[in-house]
Amino acid sequence: MADVLRVILLVALAAAALTTGALVLAWWMEPIRRMRRALLKSLGAVPEAEALSPAEGRAAGLDFDGAQVAVLWNRGGSGLVYAF
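For the sequence shown, the residue numbers in the working numbering are 1 to 84.
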């Protein structure tokens, strides 16, 4: 009987860990969050102004200190950085 209880608790713990992992992954890969990370990576600094379109998967960010404009598409997978 003790073994059955131990197995049930182990299965419940594994299910809770998998659920937590799936929720963290869904939060991390959220389109807006993903595009903001891509803007930060492409500009090298936090953008002073940003425009995000999660429905189309496009974003743009301005870095006035570094004099750069980043334009991203494909949900942050591709993009260009321009100097101004």
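For every residue, glycine included, the Cβ atom is placed at its ideal position computed from N, Cα and C.
Classify residue i: buried if its beta carbon has 16 or more other beta carbons within 10 angstroms, exposed otherwise.
{"i": "S53", "result": "exposed"}
{"i": "M1", "result": "exposed"}
{"i": "A38", "result": "buried"}
{"i": "S42", "result": "buried"}
{"i": "A70", "result": "buried"}
{"i": "M35", "result": "buried"}
{"i": "G21", "result": "exposed"}
{"i": "G79", "result": "buried"}
{"i": "G76", "result": "buried"}
{"i": "D63", "result": "buried"}
List the DSSP bridge partners of residue i.
{"i": "L52", "result": "A59"}
{"i": "V71", "result": "A60, L80"}
Quick one, are the C-beta atoms of residue i and residue j less than 8 angstroms apart?
{"i": "A45", "j": "A51", "result": "no"}
{"i": "A40", "j": "R58", "result": "In the sequence as presented, Ala is not what sits at residue 40; that position holds Leu. For L40 and R58, no; Cβs fall outside 8 angstroms."}
Write down the C-beta distance between residue i and residue j rounded to the nearest angstrom, noting that I regard them as a contact closer than 8 angstroms.
{"i": "A67", "j": "A83", "result": "6 angstroms"}
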